[in-house]
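Listed in order, the protein sequences are those of chains S and H.
Numbering follows the working numbering, in which position 109 of the first sequence is assigned residue number 99; successive positions increment by one, without gaps.
In the working numbering, each number is its position in the second sequence, counted from 1, plus 1.
These notes are about the structure you will find just below.
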Amino acid sequence: MVKVRDRFEFVVQTLAYIFIAYMLISLFYLYIAVGENWNLVWKALFDSRVIGALAISVSSAFIVGGLAIAAGIPVAYLLAHKNFRGKSILETLLIDMPQTFPPVTEGLVYLLMLGPYGLSYTYAAVIIAKFYVSAPFTVSFMTRRFREIRGAGFDIIAKSLGAKTIHILSWVLLPLSARDLLAGFSLTWARAMGELAATLVFAGAVPWKTEIIPTLVYLTSREAPQIAIAASVIAETLSLIALLSFRRIARERE
Amino acid sequence: MRELKIDRVTKYYGAFKALDNVELTIKPQEFMVVMGPSGCGKTTLLLVILGVMNPDGGHILLDGKAIDDLPIEERNISYVPQDFGLFPHLTVYGNVAFGLKVRGYPEDKTRGEVDRLLAAVDLQGLEERKPKELSAGQRQRVALARALATNPFVLLLDEPLSNIDEATKAEVRENLKAFVAKTRITTVCVTHNPEDAFELGDRIAVMFSGRIIQCDSPLNLLQEPVNEAVKRLIAPMYLLWNVKGKEQSF
C-alpha cells in the first residue's frame, strides 16, 4: 500500500483503487461464478461444439494477427514517412474509426458488399469481419513506433549510407519495432478473440465452420448457460495466458 | 576528393527565411566549419546539402554538377548527427558494416574493411559491443568509421563535440581532426562553439540569421573580423590563441 501524504492524494488513490477493483472483479468474476461446478468446465472442454468454436476462434485470431502485421507495416511506413494532403483524416479513418465504429454495422456492410459474392457465412467471412475491428491496433502501434524512429533520424542516417526502403525496413525499422510489433499483434489477437457482432452478422454461427467462442456464448447463454460459462472460462483463460506470454516475450526482448 | 559548392541557397520554413542566399565553396579535402549561434540555420544548411530537404532557391553542386534532384541515398554524402545516431540494436561491427552491406559487399570484404576502419579509430576489440556500452568518445569514433566506410564524397558533421564531456573534449577533438585529416575527405562541420571551430577548421564560415557573414581562415578571422557581431562571437579565441585583432580591445 502506498503511503498517504495528504488528503488529495488519498482521494486520488481511492479513485484508483475503485477503478482497479472494478476492472479486476469484472475480469475474474467468471471464475467465482463457476463456483464448485468446475467439472462442467472440464466436461465442456470435450464438447464438440465448444472445441469447434475454440478452434475457429484461436485459428482465425492468429490469421487476423498475421494479416494485421502484413498490412500494418506498409500502412505504418506510409503514415510515418510520407506527407500528403488528408493524411490525418486517413489516419482517423484507418485507426480510430474501426475501434469506435459499431461492429454490428460493419458486419452488415460486409454482408451487403461481399455477401453477393458468396463470402458470407464462411470461414473467410470470420477473418474479414474480425480483421476490420482488430487490425488497427497493430497499425497504430507500428505507426507510432516508426514515427519515433524517424524522429530519432535513423532513416536519414541509413539513407545517407545508401540504404533503400527495403534496407531501412528490414535492417532498421523492424528490428527497432519488434516489441511494438508484438504488442500490436497481441492486442489484435485479443480483440479478434473477443469480436462478436460483425462476425455474427456477416459469418453467422455455423458450428465447426463460423461459430466462434463469443457467438457460442451469446447463443447458448439462455438455453444452456453452463456451456456458455464454460466456453467463456476457457476463452478468458486462454486470452489471459496468451496476453501474459506475449508481454513476457516483449519484456525479454528489452 | 570533391569540391562542394553551395550556390545561392535559400530555404524557407513557412514565412521564416532559414537560409538566405547562402554561397560557399568547400574545396576538395578542406575541413570547413560553419559556426554561428543556435537557430542561425547551420543544421538546415547541412540537411539541404544532405538532401533531406530541397532548397527553395539556389543549388548544391558537387564538382560543378547540381545534385538537387538526387535522393539522399544516391548522393554519397555521409552524415554524423549531434547524438552520433548509432543504430542501437546493432553492434559496433554492425553499425560500421551497415553501408557496406547495403552496397552488397561480400562478408569477407566487409569484415576486412570494418577491421581496417576500427583499427584507424582505435576501437579494435569492441566489435561486439552495443552503442550503449560505449563512452561518448567511442560512440563518436564508431559514427565516424561508419560514415567513412562507404568512401563518401563529402562528410557532414553536426555539432560533433557537443555530447562530449569537457574533461575528454580536447583529446576527442584532436582525434577527430587527425582522423579526418588522414582520410583527406571534404568535410563540412557545423558548431556553435568557437573553440571547436578554430581547432578543427581549415576555414570558418560565420553564419548569422541564415546568412554567411564571413568565411576565412581562423587566423584571418581573428585578425580581420568583418563586424562587431563576428568579433563578439569569436571573442574567447583571442585569449586562447593569443592573437590580437586589428582593432580589438579584448
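All C-beta atoms in this analysis are idealised placements derived from N, C-alpha and C, irrespective of residue type, glycine included.
- By the beta-carbon neighbour count (other beta carbons within 10 angstroms, threshold 16), S:E(-1) is exposed.
- For H:I73, the closest Cβ of chain S is nearer than 9 Å.
- For S:A153, the chain H residues whose C-beta falls within less than 7 Å of its own C-beta are E74 and V103, listed in chain order.
- Check the Cα spacing between H:R140 and each of H:Y106, H:K232, H:L162 and H:V49: the tightest is with H:L162.
- In the structure shown, S:R75 adopts coil according to DSSP, grouped into three states.
- Residue H:P82 holds the alpha-carbon nearest to the alpha-carbon of H:A148 among H:L234, H:N164, H:D166 and H:P82.
- Taking a beta-carbon distance threshold of 9 Å, H:V53 counts as an interface residue toward chain S.
- For H:R76, the uninterrupted alpha helix (DSSP H) run begins and ends at I73 to R76, by DSSP.
- Sequence-ordered contacts of the segment 156 to 186 of chain H with chain S read L157 [C-beta pairs closer than 9 Å].
- Burial state of S:P88 is buried, judged by a 10 Å Cβ sphere holding 16 or more other Cβ atoms.
- In the DSSP assignment, the residues bridged to H:S79 are H:L156.
- S:V40 and H:Y106 have their C-alpha atoms some 55 Å from each other.
- The closest CA to that of H:K43, considering only H:V191, H:K232, H:P237 and H:N243, is found on H:V191.
- Under the 9 Å criterion on CB atoms, H:R147 is classed as interfacial with respect to chain S.
- If you draw a straight line from the Cα of S:T227 to the Cα of S:L20, it is about 10 Å long.
- Here H:N96 is buried. Its C-beta has 16 or more other C-beta atoms within 10 Å.
- Along the segment 144 to 175 of chain S, going in chain order, the ones with a CB nearer than 8 Å to a CB of chain H are F144, I146, I147, A148, K149, S150, L151, G152, A153, K154, H157, W161, V162, P165 and L166.
- By the CB criterion at 9 Å, H:E74 and S:A153 fall inside the cutoff.
- The Cβ atoms of S:E185 and S:A119 sit closer than 9 Å to each other.
- For S:A221, the enclosing alpha helix (DSSP H) has its first and last residue at P215 to E242.
- Neighbourhood of H:F154 in chain S, by CB distance below 7 Å: empty, with the nearest CB roughly 12 Å away.
- Runs of the alpha helix (DSSP H) spanning 4 or more residues and lying entirely within the segment 59 to 125 of chain S occur at 77 to 81, 87 to 90 and 93 to 104, in chain order.
- The residue among S:A188, S:A214 and S:V1 with its C-alpha nearest the C-alpha of S:V99 is S:A188.
- Annotation: the continuous alpha helix (DSSP H) that includes H:D109 extends over E108 to A121.
- In this structure, S:G174 and S:F144 do not form a Cβ contact; the two beta carbons are roughly 20 Å apart against a cut-off of 8 Å.
- Assignment of beta-bridge partners to H:R204 by DSSP yields H:M33.
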